[in-house]
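Colleague: The number in our numbering is simply the position in the sequence shown, starting from 1, with 2 added.
Idealized CB from N, CA, C, for every residue including glycine.
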Amino acid sequence: NHPQFAENFQLKLSEFQNNFLNAVADLHQKLESDLSELGVTKIDDILLNVRDAEFTGLELSWMKEKLTNNREKILEHETMIKMLEETIRQTNLEL
Numbered sequence: 003n004h005p006q007f008a009e010n011f012q013l014k015l016s017e018f019q020n021n022f023l024n025a026v027a028d029l030h031q032k033l034e035s036d037l038s039e040l041g042v043t044k045i046d047d048i049l050l051n052v053r054d055a056e057f058t059g060l061e062l063s064w065m066k067e068k069l070t071n072n073r074e075k076i077l078e079h080e081t082m083i084k085m086l087e088e089t090i091r092q093t094n095l096e097l
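1) Can you tell me whether A25 is helix, strand or coil according to DSSP?
2) Could you tell me if R73 is buried or exposed, where buried requires 16 or more neighbouring beta carbons within 10 angstroms of its beta carbon?
3) What separation, rounded to the nearest whole angstrom, lies between the Cα atoms of K84 and K68?
4) What residue does the alpha helix (DSSP H) around H58 start on, and which one ends it?
5) Residues in its own chain within less than 7 Å of A8 by CB, not counting five upstream and five downstream?
6) Is the region 45 to 53 touching the region 6 to 21, taking contact as three or more C-beta pairs under 8 Å?
7) Tell me the residue span of the alpha helix (DSSP H) that contains Q92.
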């Protein structure tokens, strides 16, 4: 999907490379799951991990974009739920 993501990878020691790339693979696996189940807080944590990973020279803007888009959708969904709950509460008060 993203063959050049490690083109500028700066870690040279193979043990560090393996451990670090395994961590990035774990992040990618989380991206393939249903992100809406993770919630905003967990997505924020993953975004921090992705930003940290970029300091090694990895190109992970595609990960950040997917996480950010899903974060926004979750926030919109949560806002709509709160609005509906408030509408229901107000309706119940009027009855």
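Modeller: Taking the structure as given:
1) Helix at A25.
2) Buried.
3) 24 Å
4) Rather than His, the amino acid found at residue 58 in this sequence is Thr. Here T58 belongs to no alpha helix (DSSP H), and DSSP marks it neither H nor E.
5) Taken in chain order, the residues that qualify are L60.
6) no
7) Per DSSP, Q92 belongs to the alpha helix (DSSP H) from S63 to E96.
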